[in-house]
Structures are given as structure tokens and as C-alpha cells.
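For the sequence shown, position 268 matches number 268 in our numbering, and the numbering has no gaps at all.
Glycine included, each C-beta is placed from N, C-alpha and C at the ideal position.
In what follows, a single structure is set out as C-alpha cells and then discussed.
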Amino acid sequence: MDDSQTLRSIQEIASHYALATGIPCSILTLATPDLATFPCSICHPSDGTAAIDHQRCLERHLHSALQAERFGGSYTYFCDCSLLFWTSPVIVEGKMGHALIAGPAMVLEPQEITEELRSKGRFPALTESEQIEAIPKIEISVAHSLAEVLRMCAGWASGYREHRMVEAQQNLMQQSKLAEYIQELNQRHTSGKADISYYPLAKEQELQEAIRLGDRETARELMNELLGMIFLASGNTLERIRFRVMELIILLSRAAVLGGASEQEIMDISYHSQRELNQQRTTEAIARWISNLLHRYTDLVFEQKRIKHAQVILQAIHHIRRHYTSQLKLEETASEVGMSPTYFSRIFNTEMGCSFSTYVNRLRIEFAKSLLLTTRYTLVEISGLAGFEDQSYFSRVFKGEVGITPGSYRKRAGNYPLNTHEIHTAPS
């Protein structure tokens, strides 16, 4: 579709949106931004008396359109006249050429807006409130729903299916959670409560399992934690970050193939990943890029899934992760998924490649590692908090998984012997 066809399609959408909702809907073209088409009785009164800084108004709408692209496809904002607008980007071939902007609408009382405009000298000649009262008044909750509808319309104009726009919002949430996790990790490191040189291999294994099962939600959460560690440990040096992220991609690729994805497709994706990764110029861009790559992997796993009992396994894993610090039993989890303990145990072993108890203990050990590094709890207390019945069993399992005792692990501040690392520090 060429640009003229795209613009005609957007114009048709804007017209239908305005007729259906009663809210004016305009198109902002980024290459040639112009406010002349904005149906705002304040900015463009018929008598030309508005004392409005049009350039400032234009900049506000442009800025908001860019924010909408950044923040998952929708952005709601007030203009300088305290009127409400919301905007969504139209993205074609990966670029935003236009934005749909709905508004103005009022969420404040007309008298409040009139008084505010007069106090700011925006309307020195205004004696009546007809212009204000002509603007539709809505509730904030309605504005949210109207913004969602506009986002869906922009998604349609972009040639996206609705779920792709939802994914953009999920990417935004991932960015937000990643930033929060990095900030928390950095604070813990600064206060001496965490060692950023420690790399949680168990989290990496959990991520591989989530991809193998096509469990996108869990994979996103685990990816955030691993990226946070990588970003901090690499000191925000792009070369080092790229090196470690590329190693992570190799592991993700293996997991996707094990989950049933086409080996040829995964090889093609991996082949192009190096070049694509080198094109990412910021840590935010890298996080967004690998999030999209993760989505592609889980999509391929869903499409080619060989696991016969995927839903059962996913349900079981979610239950285990919620309760592994308690005295969780196989029988309880089997009941949760509606299977007999014997049958569930056999399925779990087959699909997960390890026994139920081994999987639970790995989660407990990972939690115990965190407690060893970030708290002053005794080993007895940590074993109980992690879900182990006694310290001796905890110590035995810990040494079997990690290679050293819990006490030694704490003294070494979580550092492993070098030959146990799967991801190494990048060369300087």
C-alpha cells in the first residue's frame, strides 16, 4: 500500500471514529505537521480571536504522538488549554508516518476551563463560554475506553492485528519492569547486599524451560531478570552487553528447537541476529529487540509444539512457582491439574526432563542463593524459608546442585568456580 492509499485509509478511519464517538478525530502527518485540520474551537475559532501559541500547540501534539509510539500504541494528555486528547501511531513498514489524534474533550467543568484560560490571558477577549461548551464533556473512564478504541483503529490502519498492538503494550510493561529491576539491583549492589558478578544459572535454565513450553509470560519475567544482571554486570558497555546477549540468544535458540520449533527457521533467525543486535545502539533498544526475538521464538514453539500435555505442564509449573517455598508435594500438584500422582509424575518426567522433586529443589536452591547473598539469616532459617524440611537435607541438595556448601557459597559471595559458568564475562 503506497502512502496516498494509507492516508485515505486513515482519513476514513478518522471520519468513522468521529461519527461513532462524537469526539473529533484528526490526522497528524509527521513529515508535514499542520494544525489547520484540527477541529478545535479554541485553537481555531471562526472569528480568529484565539490567543494561542500555535507552534507550542503543534509541538505538544507531535511530542504526544511520539510518546504513543514509545508507550505501546496509546497516549492520553492535556493540551495547554486543559482539554483532553489521546493519540495512537499509524506504523507502516516499521515507521510512524501518521498519528490519529482524538479530541478535544473536557473532563473538567466548563467554568473551570474558562476561568483558567482567562487567568492565563489565553482568551482576553472571551466574554462567553460558548466555545468551551461546544466541546464534548466525558468521564475519565470513558476517555480510557475511547483511547483503547483509537489504538485498535490505528492498529488496523497499520496493518497490524489487534494482538500485535497488545504485544507493543506488553513490551512497554517489560521495559518498565526491567528498569525497576535494574534500579532495585543497583541499590542492593550499592548497599553491599548483592553481588552483580553473580549470574543466576538456575534462572537461565528456567527461561529455557519456559521457551521450550511456549510459556511467554514466564519467559518475559525471567528475561527481565537476566537482562538486568547482564546490563549491570557489563557496566552499560554496549560491546560487552552485546557479547553476553548473543550467548543468551544461542541458549534461547536451543530451547526453541527442543520445544518443537523448526530447526531451519531458528537457524535463520540466529544467523541474522548478530547483525540485528549490532544495529541496536542503546540498552533500551537491545531490551526491546530481544523481547521481540523472544516472542518470535515462543510463537514458533506454539506453532510446532510437540508437547502433548503442554497446558497441564504449564498449569503445574505455575502452581509449583507459587508454592515451592512451602511443603509442596507431588500429590497436591497432581490434584491441581486433575491427574493421578503416578500419571502426572510420568508426564512431568517425560516433558520436563527431570523429576518433580528435582525441579522443585532447583527453584528452592535458587531462592536460597538469593537469601544467602542478601540477608543475614542462618542456614537453618534459610533452609526453612526455601521450603526444605531440615538443614542437612538442604545442605546436601545445595552442594549437589551448586558444587559447594551453602556456607562456602555465602563466603564466596555467590562466585562459582570458573568452570561452572555457561555465560562468561566478556573480554575487556
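Quiz item: Is it a yes or a no for the stretch 331-344 touching the stretch 285-302, going by three-plus beta-carbon pairs under 8 Å?
Solution: no
Quiz item: Which of helix, strand or coil does DSSP assign to Gly228?
Solution: helix
Quiz item: By DSSP, does Ala14 sit in helix, in strand, or in coil?
Solution: The three-state secondary structure of Ala14, taken from DSSP, is helix.
Quiz prompt | Bridge partners - Tyr324, DSSP secondary structure assignment | solution = None; Tyr324 has no bridge partner.
Exercise. Pick helix, strand or coil for Met223, following the three-state DSSP scheme.
Key: In the three-state scheme derived from DSSP, where H, G and I count as helix and E and B as strand, Met223 is classed as helix.
Quiz prompt | Top-ranked residue by Cα proximity to Gly22, from Ala68, His63, Ala105 | solution = Ala105
Quiz item: Does the separation of the CB atoms of Val92 and Thr32 fall below 7 Å?
Solution: Cβ atoms of Val92 and Thr32: not closer than 7 Å.
Quiz prompt | Straight-line Cα distance separating Val245 from Thr282 | solution = 13 Å
Quiz item: What's the call for Thr127, buried or exposed, on a 16-neighbour Cβ count within 10 Å?
Solution: Note that Thr127 scores 44 on pLDDT, short of 50, meaning its location in the model is unreliable and no value can be drawn from it.
Quiz item: Would the beta-carbon of Leu28 fall within 7 Å of that of His61?
Solution: yes
Quiz item: Roughly how many whole angstroms lie between the Cα atoms of Ile13 and Gly159?
Solution: 13 Å
Self-check item: First and last residue of the uninterrupted beta strand (DSSP E) at Thr375
Solution: Where Thr375 is concerned, there is no enclosing beta strand (DSSP E), given that its DSSP letter is neither H nor E.
Practice problem: Please state whether DSSP places Ala102 in a helix, a strand or coil. | Solution: strand
Quiz item: With 16 other CB atoms within 10 Å as the buried threshold, where does His272 fall?
Solution: exposed
Quiz prompt | Separation of Ala386 from Arg364, as counted between CA atoms | solution = 5 Å
Quiz item: In chain order, what residues of the same chain have a beta carbon less than 7 Å from the beta carbon of Tyr77, not counting five sequence neighbours either side?
Solution: For Tyr77, where only same-chain residues beyond five positions count, the Cβ hits under 7 Å are Ser64, Phe85.
Quiz item: Can you tell me the Cα-Cα spacing of Arg8 and Leu19, whole angstroms?
Solution: 17 Å
Quiz item: What is the DSSP secondary structure of Phe388, reduced to helix, strand or coil?
Solution: coil
Practice problem: Grab me the residues of Lys137's own chain with a C-beta within less than 8 Å of its C-beta, minus the 5 sequence neighbours each way, in chain order. | Solution: Leaving aside the five residues that flank Lys137 on each side, the residues in its chain whose CB is nearer than 8 Å to its CB run, in chain order, Ala105, Met106, Val107, Pro110.
Quiz item: Which residues in the same chain have their Cβ closer than 7 Å to the Cβ of Lys193, if we skip the five residues on either side of it in sequence?
Solution: Note that Lys193 scores 49 on pLDDT, short of 50, meaning its location in the model is unreliable and no value can be drawn from it.
Practice problem: Output the distance between the C-alpha atoms of Val90 and Val149, rounded to the nearest integer angstrom. | Solution: Going from the Cα of Val90 to the Cα of Val149 covers about 14 Å.
Quiz prompt | Simplified DSSP state of Glu162, which is helix, strand or coil | solution = At Glu162 the pLDDT is 43, less than 50, meaning the model places this residue with poor confidence; the figure from the coordinates comes in the next sentence. Residue state, collapsed to three classes: helix.
Exercise. Pull up the distance between the alpha-carbon of Arg212 and that of Ile132, whole angstroms please.
Key: 57 Å
Exercise. Would you tell me roughly how many angstroms separate the C-alpha atoms of Arg161 and Gly155, rounded to the nearest one?
Key: Confidence at Arg161 is low in this model, with a pLDDT of 42, below 50, so the placement of that residue is unreliable and no value is reported for it.
Self-check item: Minimum C-alpha distance to Gly97 - residue among Ser4, Gly384, Leu58, Glu206
Solution: Ser4
Quiz item: Do Pro406 and Ser392 have their C-beta atoms closer together than 7 Å?
Solution: no
Quiz item: Near Met339, which residues of its chain fall below 8 Å by C-beta distance, leaving aside the five closest residues on each side in sequence?
Solution: Val312, Ile347
Quiz item: Who are the Cβ neighbours of Ser241 in its own chain at under 7 Å, not counting the five residues just before and after it?
Solution: Residue identity check: residue 241 is Ile in the sequence provided, not Ser. Cβ neighbours of Ile241 beyond the five flanking positions: Ile230, Phe231, Ser234, Thr283, Ile286.
Self-check item: Spatial neighbours of Thr325 in its chain, beta-carbon cut-off 8 Å, leaving aside the 5 residues before and after
Solution: Arg364, Phe367, Leu385, Ala386, Gly387
Exercise. Ignore the nearest five residues each way along the sequence and tell me which others in Ala449's own chain have a CB closer than 7 Å to its CB.
Key: The requested residue 449 is not part of the displayed model; the chain covers only 1 to 428.
Self-check item: Separation of Leu207 from Met223, as counted between CA atoms
Solution: 7 Å
Exercise. Taking all protein chains shown into account, decide if Gly103 is buried (16 or more other Cβ within 10 angstroms of its Cβ) or exposed.
Key: buried
Quiz item: Once you ignore the five residues that flank Arg216 on each side, which residues in its own chain have a CB closer than 6 Å to its CB?
Solution: Thr298
Quiz item: Pick from Leu226, Ile135, Gln327: whose alpha carbon is nearest that of Ser357?
Solution: Gln327
Quiz item: For Thr29, which residues does DSSP report across the bridge?
Solution: Bridge partners of Thr29: His98.
Practice problem: Out of Pro341, Glu204, Cys57, Glu209, point me to the one whose CA is closest to Leu226's CA. | Solution: Glu204
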